[in-house]
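**Q** This structure is in C-alpha cells; I'll ask about it shortly.
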Amino acid sequence: MSIDVKRTDEGYLANFSDWNKEIGNEIAKEDEIEMTDKHWEVITWIQEQIKLGKALSIRSIKKSGVVDIKEFYKLFPRGLKISTKIAGVEKPKGCI
Amino acid sequence: MKQLLILGAGTSGTMMANHLVKKLNKNEWKITIIDQYKTHYYQPGFLFLPFDTYTEDQVKKKGNKFIPKGVNYIQTKIEQIFPKENKVKLENETINYDILIVATGCKIAPEEIEGMKGKNWQKNIFDFYTYEGSLALRNKLRDWKGGKMLIHITEMPIKCPVAPLEFAFLADSYFTKKGMRDKVEITYVTPLSGAFTKDKCSKSLTYLLDDKNINIETDFAIEHVDNENNKIVDYAEKELDYDLLVTVPTNMGDEVIEGSGMGDDLNFVPTHHNTLQSLENENVFVIGDATDVPASKAGSVAHFQAETLTDNILLYIAGKPLKEEFDGHANCFIETGFNKALLIDFNYEHEPVHGTFPFAGIGPLQLLKESVINHWGKLAFRWIYWNMLLKGIPIPFVGRNMSTKGKKLD
C-alpha cells in the first residue's frame, strides 16, 4: 500500500486528520518497524498528549505509565522522531 | 488595604512591580515583592562571559535598585504557597494576599541526569546558564589547549532556546581569533531532530553550521554522563566522547512550586496561554519562565507578557473579563559570531520568517539574516534591559503582539 496523503519533506503527515491505523502501519514499515499491540499503545498515548496540547519529551514518556524509556527505544529505535511520524503528529520542535 | 504579592524579583517580577506601582490605587493596594537573592543578573550576558566579551560587573547589579518606591521589597526565602488559603509562608512570617503573581522563573537542574553534577562538574563539564557556571567556563577556556568540545542540550524546554547555538557560533569565532580553531572540534548535540526544526529557519540557516565547521548530533536523548571515560551516553546507547562538555542541563521551575503542589513534571505552573491567569486559581497569575505556556522562555517574552498581564490584573480587580491577548510574541537576537547576529520575531502561530523590522520595507534590522547592525542591536540590548525593560518602559515601535508588517509570510 502506498500512502496517498500529503506529507512533509521528512515524511510526517501534513494533517493529522488524514491519519488512520493503516497509514501508521505503512510509515512504520518504511522504518522497518513491525507494529505490535505495545507499539499501538504508545502511539495512542502520543496522540492523546498532542490532543491535550502537551509537549512530548523523553521525560513525558518516562512518566507515561505506558512504557519505560529503555522499552520505548526497543520499540522505536529512533525514539520520538519515528514514533511521532507513525502517530501522524508533528515532531517536537524548537523555536527556530 | 488589599495586598498584591509578587513572588520573584527577576526580570518578570521587577517589571510587574514597575508597571503596577503606576496603575494601582495606593490607598487601596499594597504591593509587595519577595526574592531571596540580593543580586539581579543580566542573564543574556552569561552567553558572553565565557568568551571574555563581558566582564562580571556588566552582568550584575543590586536588585533593590530596580524595585520602585512605593513597593514593599522583602529579601527572604519563600517556603510555600497556599493558593487555596491565599497566603504565602516565608522564612520568618506568613503573608496573606488578594492577588498573587508568580514570577519565580526557572533554573538548571543538572542533578536530573546521572553523573552530570559529578566529580567533573566545573572541571571538564560546565553550564553557562548560571553566573558561577559561566565564570568557571571562562576561566577554563582562557587556558584550554583544545580538543573535542560538545555543546549539549539535555531536554526541552530551556530558557533562551537559541543560546546553545549562539554559544557554538561564538566558540567558533573565539577559537578562530585565538588562532587555535584547528585544535578544537565543535559538535552541537540536541534532543531535537536538528539545530533548526522550523522550515524557514532550516532552509535559511543550515549553512551557518557548515560554514563554521560545526558538527551536529541530533535526536540525542541523554541517559547518563560517564565521568570515567568522558562520554555522554543516550537511551539508544549512542556514545559521544568529549574533552570539554558544555551542557544545558534540564531546566525546571522553582522548588517552591513543587512544594506547593502547583506545578507540572518540571515545576512549571499550568497557565492560560493568552490571559496568563493560573488554570487552577483565579487570583493567581503567572509570568515569564515560571509558566508552562509554549512560548520561549526569554526576557523579551516576559516583557510582552508583562504588558498584557498589567492590563489583566486591572481588569480582574474591576471584575471584568480578562483579555485573551498574549500571542506568544518573542523577539530575539541570535549571535552568529564575528560581530554579526540574526534577529527573529515570532509568536505561537507564526514561525520566524524573513523581512524587515520594526519598519516594513525599511528595517533597519533584517529578520532571519545575518548583519552587523543586528549584532549592535544585541549589544545595545544590555543598556535597554537595565534602563528600559526592567522599568517597564515600552520599547519604541515594538508592540506586545507580533506584527505581520514587513514579514514575508506565505
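Going down the list, the sequences are from chains V and X.
Going by the working numbering, the final residue of the first sequence carries number 96, and the count climbs one at a time with no gaps.
Going by the working numbering, the final residue of the second sequence carries number 506, and the count climbs one at a time with no gaps.
Ideal Cβ positions, reconstructed from N, Cα and C, are used throughout, including at glycine.
Just so you know, these numbers come straight off a predicted model, no measurement behind them.
1. Identify the continuous beta strand (DSSP E) that holds leucine 463 of chain X and give its terminal residues.
2. By the three-class DSSP mapping on this structure, what secondary structure does lysine 56 of chain X have?
3. Please confirm whether asparagine 370 of chain X and glutamate 420 of chain X have their CB atoms less than 9 Å apart.
4. Classify glycine 457 of chain X: buried if its beta carbon has 16 or more other beta carbons within 10 angstroms, exposed otherwise.
5. Would you call the CB atoms of isoleucine 33 of chain V and threonine 84 of chain V closer than 9 Å?
6. Closer than 8 Å is the cut-off here; do at least three beta carbon pairs connect the region 372-385 of chain X with the region 69-83 of chain V?
7. Exposed or buried, what is asparagine 443 of chain X when buried is set at 16 or more other beta-carbons lying within 10 Å of its beta-carbon?
8. Following the continuous alpha helix (DSSP H) through phenylalanine 72 of chain V, name the residue where it begins and the one where it ends.
9. Please compile the residues from chain X whose C-beta is within a distance smaller than 9 Å of the C-beta of arginine 59 of chain V.
10. I'd like to know whether the C-beta atoms of glutamate 313 of chain X and threonine 293 of chain X end up nearer to each other than 9 Å.
11. Can valine 494 of chain X and asparagine 427 of chain X be called in contact, C-beta distance under 9 Å?
12. Mind checking if asparagine 294 of chain X is an interface residue toward chain V, Cβ cutoff 9 Å exclusive?
13. In the DSSP assignment, the beta strand (DSSP E) including asparagine 427 of chain X goes from what residue to what residue?
14. If you draw a straight line from the alpha carbon of glutamate 152 of chain X to that of leucine 145 of chain X, how long is it in whole angstroms?
15. In three-state terms, what does DSSP make of serine 356 of chain X?
16. Evaluate leucine 52 of chain V with the Cβ neighbour count: other Cβ atoms within 10 Å of its Cβ, from every protein chain shown; 16 or more gives buried, anything less gives exposed.
17. Give me the Cβ distance between methionine 212 of chain X and threonine 343 of chain X, rounded to the nearest whole Å; I'm assuming they're in contact under 8 Å.
18. Along the chain, where does the beta strand (DSSP E) that runs through glutamine 99 of chain X open and close?
19. Give the DSSP bridge partners of threonine 343 of chain X, in chain order.
20. By how many angstroms is the C-alpha of valine 89 of chain V removed from the C-alpha of aspartate 278 of chain X?
21. Is it the case that the region 35-42 of chain V contacts the region 61-73 of chain V, given that we only count it when at least three CB pairs across the two stretches are under 8 Å?
22. So is isoleucine 430 of chain X in contact with chain V if we call contact Cβ pairs under 9 Å?
23. Give a yes or no on whether 9 Å exceeds the smallest Cβ distance from serine 392 of chain X to chain V.
**A** According to the structure data:
1. 459-463
2. Nothing in the structure corresponds to residue 56 of chain X, since chain X is present only between 97 and 506.
3. yes
4. exposed
5. The Cβ atoms of isoleucine 33 of chain V and threonine 84 of chain V do not sit closer than 9 Å to each other.
6. no
7. buried
8. 69-75
9. Within chain X, the residues near arginine 59 of chain V are Glu208, Glu251, Thr346, Asp361, Leu362.
10. no
11. yes
12. Per the sequence shown, residue 294 of chain X should be read as lysine rather than asparagine. Chain V, which has a Cβ nearer than 9 Å to the Cβ of lysine 294 of chain X, makes this yes.
13. 426-433
14. 7 Å
15. Coil, per DSSP.
16. exposed
17. Sure, about 7 Å apart at Cβ, within 8 Å.
18. 98-103
19. X/His248
20. Roughly 42 Å between the two C-alpha positions.
21. yes
22. So yes, isoleucine 430 of chain X belongs to the interface.
23. yes
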